[in-house]
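Take a look at the structure below.
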Amino acid sequence: QSLAELARDGARSLVNQFLSTCPRNSDAEGVLLTLPAPSTRLPREKPVPQAKPPTKWERFAAKKGIKPKTREQRRNLAFDEQTGEWQRKWGYKALNKKGEDWPIVEVDMEAEKKRKEGTSIRGDGRRERKERIKRNERMMRKNQARGTGK
1 QSLAELARDG ARSLVNQFLS TCPRNSDAEG VLLTLPAPST RLPREKPVPQ AKPPTKWERF
61 AAKKGIKPKT REQRRNLAFD EQTGEWQRKW GYKALNKKGE DWPIVEVDME AEKKRKEGTS
121 IRGDGRRERK ERIKRNERMM RKNQARGTGK
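Letter by letter, the sequence shown follows residues 1 to 150 in the UniProt record's numbering.
Okay, here's the thing in structure tokens:
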């Protein structure tokens, strides 16, 4: 019981000190107290992190004046004029996968001659997409290594 009483007395004295020293404003929602500015600055646990060196793209973008994309440009939806609906640009049931499940596929004879043994024309779109993703990841790792100076 003594601990509860001690906590109650401490809270009561703190509230009384606020009410006696801080300016009060009455409002329709209630009484508002304006707290004083903090007088003691707390030190950081760790030093402020150093700025990372800009990547090759960031230097190029700054040189050319390229700005980051807006929220609307980053949206994952695009209007499909054939169906008249909004569809995803990438991901599950996305526009970039259109044509992978078509029953009839146009065959390019030159590409057919260069095709690896055991591969089908049905998987070409998926293979090309996967290669683009791998190339993008490889370039991203190369760019990060260049930026960190490794």
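Just so you know, even glycine gets a beta-carbon here, dropped at the ideal spot from N, CA and C.
**OP:** Please work out which residues of its chain come closer than 8 Å, Cβ to Cβ, to W57, disregarding the five sequence neighbours upstream and downstream, and give them in chain order.
**Re:** N143
Original post:
Per DSSP, what kind of secondary structure is residue 192 in: helix, strand or coil?
Top reply: For the chain, the structure presents residues 1 to 150; residue 192 sits outside this window and is missing.
Subject >> Segments assigned beta strand (DSSP E), at least 3 residues, entirely inside the region 34 to 87 >> reply: Counting only unbroken stretches of 3 or more residues, the beta strand (DSSP E) elements lying wholly within the region 34 to 87 are 77 to 80, in sequence order.
Subject >> Option nearest R129 by Cα separation, candidates E117, P103 and A94 >> reply: Taking R129 as reference, the option from E117, P103 and A94 with the minimal CA-CA separation is A94.
Original post:
Starting from E110 and walking both ways along the alpha helix (DSSP H), at which residues does that stretch end?
Top reply: M109 to K114
Original post:
Would you say L77 and K89 are within 9 Å of each other, going by their C-beta atoms?
Top reply: yes
Original post:
Going along the chain, which residues of its own chain have a beta-carbon closer than 6 Å to the beta-carbon of R127, five neighbours each way excluded?
Top reply: Result list for R127: empty, nothing under 6 Å.
**OP:** Can you tell me the Cβ-Cβ gap for P23 and T34, rounded? I've got them flagged as a contact below 8 Å.
**Re:** That belief holds up - the Cβ atoms of P23 and T34 are roughly 5 Å apart, short of 8 Å.
Original post:
Of the choices A28, L32 and R8, whose alpha-carbon is the least far from that of L19?
Top reply: L32
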